[in-house]
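Worksheet: the structure to be examined is printed underneath.
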Amino acid sequence: MSTRLGVRRESSLLSTSSRVADDGRLYYQVEVNIKSYANNNELAVMPEERVVRLEWDRRYLSVLGVENNRLYELRLQAPENVFREEENDLRQVMDSFRVNKVKA
Numbered sequence: 001m002s003t004r005l006g007v008r009r010e011s012s013l014l015s016t017s018s019r020v021a022d023d024g025r026l027y028y029q030v031e032v033n034i035k036s037y038a039n040n041n042e043l044a045v046m047p048e049e050r051v052v053r054l055e056w057d058r059r060y061l062s063v064l065g066v067e068n069n070r071l072y073e074l075r076l077q078a079p080e081n082v083f084r085e086e087e088n089d090l091r092q093v094m095d096s097f098r099v100n101k102v103k104a
């Protein structure tokens, strides 16, 4: 959803998973793809006057963990073409995410 006139967003949930890391804590991973389409003439009355084009195509990656009675999130995002090139590094960052106990 977008508040801009003539913009349409499409999202796809690509994967969800959970894992127990080496620290014994449970982590959840979520992957989403979002595409944004924009019209070249958002105020045009006739549909044929509006040409829709792909504005951007991004991959959103989240890792969630709970500690200290709080939810912590590591959030990464990259354009799809960059994600394909850097996927191994991004997944390594996701796998390294840990939450720590903090004394108040």
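Counting from 1, one number per residue, gives the positions in the sequence shown under UniProt numbering. Note that the Cβ used here is the ideal one computed from N, Cα and C, for glycine as well. These numbers were taken from a predicted model, which means no experiment stands behind them.
Pairwise C-alpha distance: residue j and residue i
{"i": "Gly-6", "j": "Asn-41", "result": "8 Å"}
{"i": "residue 105", "j": "Glu-10", "result": "One cannot answer for residue 105 here, as it falls past the ends of the chain, which runs 1 to 104."}
{"i": "Val-102", "j": "Asn-69", "result": "10 Å"}
{"i": "Met-46", "j": "Gln-29", "result": "43 Å"}
{"i": "Leu-64", "j": "Arg-84", "result": "23 Å"}
{"i": "Leu-76", "j": "Leu-54", "result": "21 Å"}
{"i": "Asp-89", "j": "Ser-96", "result": "11 Å"}
{"i": "Asn-100", "j": "Val-66", "result": "9 Å"}
{"i": "Ala-104", "j": "Ser-12", "result": "39 Å"}
{"i": "Tyr-37", "j": "Glu-49", "result": "15 Å"}
{"i": "Val-52", "j": "Asn-33", "result": "19 Å"}
{"i": "Arg-91", "j": "Gly-24", "result": "19 Å"}
Contact check, residue i vs residue j, beta carbons under 9 Å
{"i": "Leu-61", "j": "Glu-80", "result": "no"}
{"i": "Lys-35", "j": "Arg-19", "result": "no"}
Those residues which DSSP pairs with residue i across a bridge
{"i": "Asp-57", "result": "Lys-35"}
{"i": "Gly-24", "result": "Gly-24 is not bridged to any residue."}
{"i": "Leu-13", "result": "Val-32"}
{"i": "Ser-18", "result": "Tyr-28"}
{"i": "Arg-8", "result": "Tyr-37"}
Under the three-state DSSP convention, the category residue i falls into
{"i": "Val-63", "result": "strand"}
{"i": "Arg-75", "result": "strand"}
{"i": "Arg-70", "result": "strand"}
{"i": "Val-82", "result": "helix"}
{"i": "Val-52", "result": "strand"}
Chain B contact for residue i (CB, 9 Å cutoff)
{"i": "Lys-103", "result": "Here there is only one protein chain, and chain B is not present."}
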